[in-house]
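Residue numbers (this note's numbering): 188 to 335. Notes follow once the structure below has been shown.
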Amino acid sequence: MAEVMTDERAIIEVGMRYARSIDTRDQEGFMSCFTADAAFGLPKLRTQAVLDQTLQFLTELFSGTQHVTTQFHVEVSGDEASMHSYYIATHVWRQQLSDPLFVMGGFYEDSLIRTPDGWRIRDRLLKNVWVTGDRDAIAAAGMGELLE
Numbered sequence: 188m189a190e191v192m193t194d195e196r197a198i199i200e201v202g203m204r205y206a207r208s209i210d211t212r213d214q215e216g217f218m219s220c221f222t223a224d225a226a227f228g229l230p231k232l233r234t235q236a237v238l239d240q241t242l243q244f245l246t247e248l249f250s251g252t253q254h255v256t257t258q259f260h261v262e263v264s265g266d267e268a269s270m271h272s273y274y275i276a277t278h279v280w281r282q283q284l285s286d287p288l289f290v291m292g293g294f295y296e297d298s299l300i301r302t303p304d305g306w307r308i309r310d311r312l313l314k315n316v317w318v319t320g321d322r323d324a325i326a327a328a329g330m331g332e333l334l335e
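Shown next, in the form of structure tokens:
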């Protein structure tokens, strides 16, 4: 039982490190959350390339972000695990818009594996539930799938 609790805590830490590294623009910390061949993103676009470009994309578009992740549910089975967690992600646009904020909420569905360096996300699916902000700017930034 203690080993399962230790694994659960380590897996939750991966989810928290993900949010922290995005908001601090820590590329090394961000990439340390994932396996080398991880898939990442929204249902229609979930690839390694999306993962590699995420922080650069966010830095170009937004002057700041804050990702709040909660309600972690972890299931461990040997060296594999799944994690479900909720998020609210607030983004402040760099450009002047009628609405300076783009906020979205939803949940992450993660598949993780134990590696020699600890737990890593093998697949992270973002399931967006709601979005607020300038819908035209969101679509123009290439994030139209969030509006569907």
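Using N, Cα and C, we set each Cβ at its ideal position, and we do this for glycine too. Given the structure is predicted, the values throughout are model-derived calculations rather than measurements.
query, result
"Outcome for D304 when other beta-carbon atoms lying within 10 angstroms are tallied against a minimum of 16", "exposed"
"Touch test, the region 273 to 287 against the region 254 to 263, Cβ-Cβ under 8 angstroms, three pairs minimum", "yes"
"For W317 and V263, the rounded distance between their alpha carbons", "29 angstroms"
"Residue interval of the beta strand (DSSP E) (run including Q283)", "Note, Q283: premise wrong, no beta strand (DSSP E); not H, not E."
"Whether R311 touches D323 by CB criterion (7 angstroms)", "no"
"Helix, strand or coil at E247 according to DSSP, with G and I counted as helix", "helix"
"Straight-line Cα distance separating F289 from E267", "34 angstroms"
"For G305, the first and last residue of its enclosing beta strand (DSSP E)", "305 to 319"
"Simplified DSSP assignment, three categories, for M192", "helix"
"Sequence-distant residues of the same chain with beta carbon closer than 6 angstroms to W306, five excluded per side", "A197, I198, V201, L299"
"Minimum C-alpha distance to Q282 - residue among I308, Y273, F227, I325", "I325"
"G293 beta carbon less than 7 angstroms from that of K340", "Summary: the structure shown does not reach residue 340, with the chain confined to residues 188 through 335, and so no result is reported for it."
"Integer-rounded CB distance, given that S208 should sit under 8 angstroms from F221", "F221 to S208, Cβ: 11 angstroms. No contact."
"Beta-carbon separation (whole angstroms), L248 vs R212, contact threshold 8 angstroms", "L248 to R212, Cβ: 12 angstroms. No contact."
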